[in-house]
Amino acid sequence: MRAIASPLAPPRPEPPIAVRSRSNALKRATLPPVPLTAARLRLRRQPEPGPSPPTRLSHPMPPPTATMSPAAGGSFPELTCPADFATVAAPGGRFSVVGFGSLLSERSARSTFPELEGFRVAVLRGFRRVFAHAAPIFFERGIAIEATKEFSSLSVEPCDSELIVVTVFEIKEEEVPAFIEREHEFRFLAVVPEGLDGVPFTNRAVVCARYSNEEYFQERCRG
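Okay, so the sequence shown: first residue is 11 according to the working numbering, each after it adds one.
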């Protein structure tokens, strides 16, 4: 006998919706992979290592008040008066001067030494440049900027294993006293420059090296 459902009977619960996992999910149609040809494959080339940039060996610089050499300038004889300059005089009574800073320019050198001769570029071994003192001329000419302490002057000092490019020129004997007076804050040392070919000069030259504060007061401010 066929059963007839009563309208008052509660509805049967329907089966839950099936949740498919990736393992039993419907497979979608996929296109076959396209091979990567040389035309489509564009990879960036790795940069080729270039030559290493040149490096300069640096040497720790002591504070400006430190003395690099004894009072006599180490192995470089110090010239303290015009008579001492006679020991480095070249044939003909002229004196060779080592130029650095503004004296690397012949035009600038001639503004200080109008009658100089033999201006040339050279090398000075065993020295380095240093900003270690204030030049009075900077204040006299209004060049110094006191607010920012911009008034340091360039000089050189003995330093092993170093060298600097300089100029060398000759001045007359009668110019020596004015030269000494004008460069009052420097120590005058007798040195032997070299040509750019590495050959030492036959005559010694005079270079303006720096004083420490103590040496300057002791040597230049006596009397």
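For every residue, glycine included, the Cβ atom is placed at its ideal position computed from N, Cα and C.
Under 9 Å between C-beta atoms of residue i and residue j
i           : j           : result
residue 162 : residue 219 : no
residue 195 : residue 145 : yes
residue 173 : residue 114 : no
residue 108 : residue 213 : no
residue 193 : residue 104 : no
residue 203 : residue 100 : no
residue 167 : residue 137 : yes
Alpha carbon of residue i to alpha carbon of residue j, nearest angstrom
i           : j           : result
residue 150 : residue 206 : 37 Å
residue 190 : residue 91  : 8 Å
residue 130 : residue 178 : 6 Å
residue 86  : residue 224 : 19 Å
residue 199 : residue 88  : 5 Å
residue 124 : residue 216 : 18 Å
residue 95  : residue 201 : 12 Å
residue 210 : residue 106 : 13 Å
residue 143 : residue 110 : 15 Å
residue 230 : residue 187 : 15 Å
residue 126 : residue 170 : 30 Å
residue 139 : residue 197 : 14 Å
residue 74  : residue 221 : Here residue 74 scores only 36 on pLDDT, less than 50, and its place in the model should not be relied on; the value that follows carries that caveat. C-alpha separation (whole angstroms): 10 Å.
residue 208 : residue 157 : 44 Å
residue 79  : residue 147 : In this predicted model, residue 79 has a pLDDT of only 41, less than 50, meaning its place in the structure is not dependable enough to derive any value.
residue 180 : residue 119 : 11 Å
residue 93  : residue 228 : 20 Å
residue 141 : residue 159 : 13 Å
residue 128 : residue 112 : 17 Å
residue 176 : residue 117 : 15 Å
residue 122 : residue 232 : 27 Å
N-terminal and C-terminal residue of the beta strand (DSSP E) that residue i is part of
i           : result
residue 234 : The structure shown does not extend to residue 234, since the chain spans only 11 to 233, so no value can be given for it.
residue 245 : Outside the shown range of the chain (11 to 233) lies residue 245, about which nothing can therefore be said.
residue 198 : 196-201
Per DSSP, the bridge partner or partners of residue i
i           : result
residue 144 : 162
residue 98  : DSSP lists no partner for residue 98.
residue 106 : 180, 215
residue 149 : In DSSP, residue 149 forms no bridge with anything.
residue 210 : 204
residue 129 : In the DSSP output, where bridge partners are listed per residue, residue 129 has none listed.
residue 138 : 167
residue 89  : 198
Boundaries (first-last residue) of the alpha helix (DSSP H) holding residue i
i           : result
residue 121 : 116-122
residue 188 : 186-192
Residue i CB to nearest heavy atom of the ligand SAM below 8 Å
i           : result
residue 170 : In the structure shown, the ligand SAM is absent, as is every other ligand, since no ligand is present at all.
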